[in-house]
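Asker: Encoded as structure tokens, here's the structure I'll be asking about.
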Amino acid sequence: MITRHSLSSLLSTWRAAVAGTHHPQPPAYDGPDVVLTGFTEKSGEVEPGMAFIARVRAGSDGHPYIGDALARGASLILAQQPPEAAGVVVPPGVAYMTVPDTAEAQAWLAAAGEDFPSRDLVVIGITGTDGKTTTANILHAILRAAGLRAGLLSTIRAIIGDEEEPLALHVTTPEAPVVQRYLRRMVAAGLTHVILETTSHALAQSRVAAVAFDVAVVTNITHEHLDYHGSYEAYFAAKRRLFAALLDDPLRMPSANPRKAATPRTAVLNRDDASYAPLAAFLAGRPVDVRAYGQRPGETALDAWAEAVAYEPGATRLLLRLRGQAEPLPVSSALVGGFNVNNMLAASAAAAALGIPPEAIRAGLEAVRALSGRMERIDRGQPFLVLVDFAHTPNALDQAIGAARRMADPSPYPPPKGRGDSPPRPPGEGWGEGRSLGRVITVFGSAGKRDVAKRALMAGSSVRAADLTVLTAEDPRTESLDAILATMAAAARAAGGVEGETFWRVADRGQAIYFALSLARPGDVVLVCGKGHERSMAFGAIEYPWDDRAATRAALDALMAGQPMVNLGLPTFGEG
790 MITRHSLSSL LSTWRAAVAG THHPQPPAYD GPDVVLTGFT EKSGEVEPGM AFIARVRAGS
850 DGHPYIGDAL ARGASLILAQ QPPEAAGVVV PPGVAYMTVP DTAEAQAWLA AAGEDFPSRD
910 LVVIGITGTD GKTTTANILH AILRAAGLRA GLLSTIRAII GDEEEPLALH VTTPEAPVVQ
970 RYLRRMVAAG LTHVILETTS HALAQSRVAA VAFDVAVVTN ITHEHLDYHG SYEAYFAAKR
1030 RLFAALLDDP LRMPSANPRK AATPRTAVLN RDDASYAPLA AFLAGRPVDV RAYGQRPGET
1090 ALDAWAEAVA YEPGATRLLL RLRGQAEPLP VSSALVGGFN VNNMLAASAA AAALGIPPEA
1150 IRAGLEAVRA LSGRMERIDR GQPFLVLVDF AHTPNALDQA IGAARRMADP SPYPPPKGRG
1210 DSPPRPPGEG WGEGRSLGRV ITVFGSAGKR DVAKRALMAG SSVRAADLTV LTAEDPRTES
1270 LDAILATMAA AARAAGGVEG ETFWRVADRG QAIYFALSLA RPGDVVLVCG KGHERSMAFG
1330 AIEYPWDDRA ATRAALDALM AGQPMVNLGL PTFGEG
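If you're matching positions, the sequence shown starts at 790 in the working numbering and goes up one per residue.
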């Protein structure tokens, strides 16, 4: 059912919510009132009654498409230029509003259209380069274990009560109207809490503007999305916006959820990450409760930390320490790797800040099974371990290789500083009494039209940390796949790799997975990284159906049957 709102009512609701605050105020408007049926920033989607948003993004501008939107019957044009500057004549009865930032104005109008649903929810935002989705899912399990009705909006899925649905392709945080619509559905379903995975793009593009956050959690802030943000400093500043949101004035609207008013605004920081010091300094002296978690031995200023961590091929065992609790909580989790210990600690610290009892925290940690495309095992009866993981950043790849190393040989060696979980070892040699070291074989690529610098970082990192590396396609988009692979191969050689011996280039991702599997011996771990849960692969402007998990199953089945790799439909099949 389409919800209809008059423009005057949206502006009135927005004005009432922000009266006397520092929030963006609605623009002055004295044009015709119109009834709106939805928002879009694609002129080709405009239907009569819709609002066309002339978004200005890095590399794109919606203003040249205003004429097309008007021709298709748009009832409202939201623009950053007046009509004469945009070169259009506005027909009678059509609303045209000029605002400083169309993305921000759209967010507030969308929130007003849903009657600001975040005022009735305890909103926990989770940001970071890696681990957001896993941390969000762990925290959701903890809240459910505590008997709370909690929703989730993450990369993998949206959960509204007992309903679950996938999100659009290549999307982590949806656009503002979609976010607000989900929040309204959660309120209507009687939920009291929501966990919102929040990307740097979402923060920079105002997708979560007009959301009243109560708790902000950071996993880490490392090298990613510099193609969009331009620098690490700008990327960090985008992430910091989530914590700045904790300082915002409350909306001038009453809440029907008593837990909202009872929840102090809280920041949960990673004491082991470089982001800790600048975020702590930013929040110092502000009316925000700052909590910290980490794995540093002897650290005294932590609210959640782990002791006696034991990594096993199929589990992680630890003693969870929470500030104020005399006894540790023994935890056995199906999530593997040191990076997942950090994710568990982040979720535990956030849960403790929300007043969740320790036993519910433990129950939630132990309830989480392997997540879709996150160190997900693919088992077709092969004599070696195969994992599919979303790792698509240098740090995430390092951490995934480290976890795989422990699964190839679970000897309890402490991780060396700066190398994740991966103990130093001479190539090809084992350690531990009477044990041979299983090898780690990686398969991954680097996306086109995205952060260029990470291509070399990831290739070099894999050559140094893994035993064998297969470089392949990962959403090349409109870039040359050969050029991307050449950049990665050059970095692999610079890191000491030898093409044809320790690393290879295989353009077709399905054939690359098959080739990597053909290299594996009993005891090895094959790690297929970069796509995880995603369901498509972009070549040019076309999204081809693709699923790393299905592709890996198909490759294993073909290999074990002594058959060549099947064609899974990518345009690269049979190349090279």
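Note that beta-carbon positions come from the ideal geometry of N, C-alpha and C, so glycine has one too.
Might you give, ordered along the chain, the residues of its own chain that have their beta carbon closer than 8 Å to the beta carbon of residue 1267, omitting 5 neighbours on each side?
Answerer: 1237, 1238, 1329, 1330
Asker: To which residues of the same chain is residue 800 closer than 6 Å at the C-beta, ignoring the five residues directly before and after it?
Answerer: 815
Asker: Kindly indicate which three-state DSSP category residue 1233 falls into: helix, strand or coil?
Answerer: strand
Asker: Is residue 1286 helix, strand or coil by DSSP?
Answerer: coil
Asker: At the 8 Å Cβ level, is residue 1341 part of the contact set with chain C, yes or no?
Answerer: Within the model displayed, chain C is absent; a lone protein chain is all it includes.
Asker: Quick check on the DSSP output: what are the complete beta strand (DSSP E) runs of length 3 or more inside the stretch 1008-1069, in order along the chain?
Answerer: 1055-1059
Asker: Could you give the uninterrupted runs of the alpha helix (DSSP H) lying entirely in the stretch 872-944, keeping only those of 4 residues or more?
Answerer: Annotation note: the stretch 872-944 contains the following uninterrupted alpha helix (DSSP H) runs of length 4 or greater, listed N- to C-terminal: 872-875, 891-902, 921-934.
Asker: State yes or no: is the C-beta of residue 1227 within less than 8 Å of the C-beta of residue 1286?
Answerer: no
Asker: Looking only at its chain, what residues have a beta carbon closer than 6 Å to the beta carbon of residue 1269, apart from the 5 residues adjacent to it on each side?
Answerer: none
Asker: Quick one: give me the first and last residue of the alpha helix (DSSP H) that residue 1299 is part of.
Answerer: 1298-1308
Asker: For the structure I just gave you, are there three or more beta carbon pairs, one from the stretch 922-936 and one from the stretch 853-871, closer than 8 Å?
Answerer: no
Asker: May I have the straight-line CA-CA distance separating residue 1161 from residue 1323, to the nearest angstrom?
Answerer: 9 Å
Asker: So who's on the other strand from residue 824, going by DSSP bridges?
Answerer: In the DSSP output, where bridge partners are listed per residue, residue 824 has 795.
Asker: Does residue 1349 pass the burial test, meaning 16 or more other C-beta atoms within 10 Å, or should it be called exposed?
Answerer: exposed
Asker: Any chance the stretch 1275-1284 sits against the stretch 1177-1197, with 3 or more Cβ pairs inside 8 Å?
Answerer: no
Asker: With residue 1110 as the anchor, note down where its beta strand (DSSP E) starts and where it stops.
Answerer: 1104-1111
Asker: List the endpoints of the continuous beta strand (DSSP E) containing residue 982.
Answerer: For residue 982, the uninterrupted beta strand (DSSP E) segment begins and ends at 982-986.
Asker: With 16 as the cutoff for other CB atoms within 10 Å, does residue 881 come out buried or exposed?
Answerer: So residue 881 ends up on the exposed side.
Asker: With H, G and I counted as helix, E and B as strand and the rest as coil, what does DSSP make of residue 838?
Answerer: coil
Asker: Can the beta-carbon of residue 1302 be found less than 8 Å from the beta-carbon of residue 1232?
Answerer: yes
Asker: Got a sec? Which residues, its chain only, sit under 6 Å from residue 909 by beta carbon, not counting five neighbours each side?
Answerer: 976, 1044, 1045, 1046.
Asker: Determine, using beta carbons only, whether residue 1306 and residue 1295 come nearer to each other than 8 Å.
Answerer: Cβ atoms of residue 1306 and residue 1295: not closer than 8 Å.
Asker: Helix, strand or coil: how does DSSP classify residue 1083 here?
Answerer: strand
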